[in-house]
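In the UniProt record's numbering, the protein residues as written are 1 to 176. Just so it is clear, CB atoms sit at the ideal spot from N, CA and C, and this is done for glycine as well. Working notes, beginning with the structure itself.
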């Protein structure tokens with residue numbers, strides 16, 4: 001199979017997303033190396049090229065409003081993994097929580113998280129329960145979120161390391 005070029009990436013992306021995004025900041029290396037894409041509404045975000053055109057993924061902020069073409073409600077009925085990670089690197093150490101379809105290791109090996117990690121909690125649940133738990137954590141801790149130095153998909157679901165035991169207790173209690 002031929003190597004995908006910048007031109008291939010641009011062509012495929014425009015076929016999928018039209019003129020919604022600006023690709024002027026893209027420094028293309030491979031389909032798995034994150035690039036900077038500009039949402040005309042919300043600004044810069046980083047994503048793996050293949051995820052942008054094959055998985056039809058786009059701006060996280062647009063995703064929250066359902067404008068990206070990929071929204072969690074489309075996969076709410078599928079089994080999910082709720083997880084809590086301790087992320088470290090780049091002189092940082094913090095928590096990342098969330099929901100994924102294939103499990104934490106799959107998500108990390110696809111290059112979606114640019115930090116080293118330790119899995120503190122991972123459990124397979126119904127999609128509806130998993131998403132409810134994720135939303136409850138977001139609401140409960142919205143005033144003490146952590147903003148990582150490196151941006152990545154899901155970076156808005158980070159918390160300070162100091163509340164690790166509180167989150168673990170919540171997850172263990174609510175995922176029986």
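query, result
"Can you say whether residue 58 is buried or exposed, counting buried as having 16 or more other CB atoms within 10 angstroms of its CB?", "buried"
"Could you tell me the alpha carbon to alpha carbon distance between residue 16 and residue 165, rounded to whole angstroms?", "42 Å"
"Tell me the DSSP secondary structure of residue 188 in three-state form.", "Not covered by the structure: residue 188. The range shown for the chain is 1 to 176."
"With DSSP collapsed to three states, give me the class of residue 114.", "coil"
"Just to confirm, are residue 124 and residue 97 a CB contact at a threshold of 8 Å?", "no"
"Would you call residue 34 buried or exposed, if buried means 16 or more other Cβ atoms sit within 10 Å of its Cβ?", "buried"
"Which term fits residue 56, buried or exposed, when burial requires 16 or more other beta carbons within 10 angstroms of its beta carbon?", "exposed"
"Using DSSP with H/G/I as helix, E/B as strand and the rest coil, what is residue 33?", "coil"
"Could you say which of 50, 158, 86, 153 lies nearest to residue 30 if we only look at CA atoms?", "50"
"According to the neighbour-count rule (16 or more other Cβ atoms, all chains shown, within 10 Å of its Cβ), is residue 149 buried or exposed?", "exposed"
"Is the separation between the beta-carbon of residue 26 and that of residue 6 shorter than 8 Å?", "yes"
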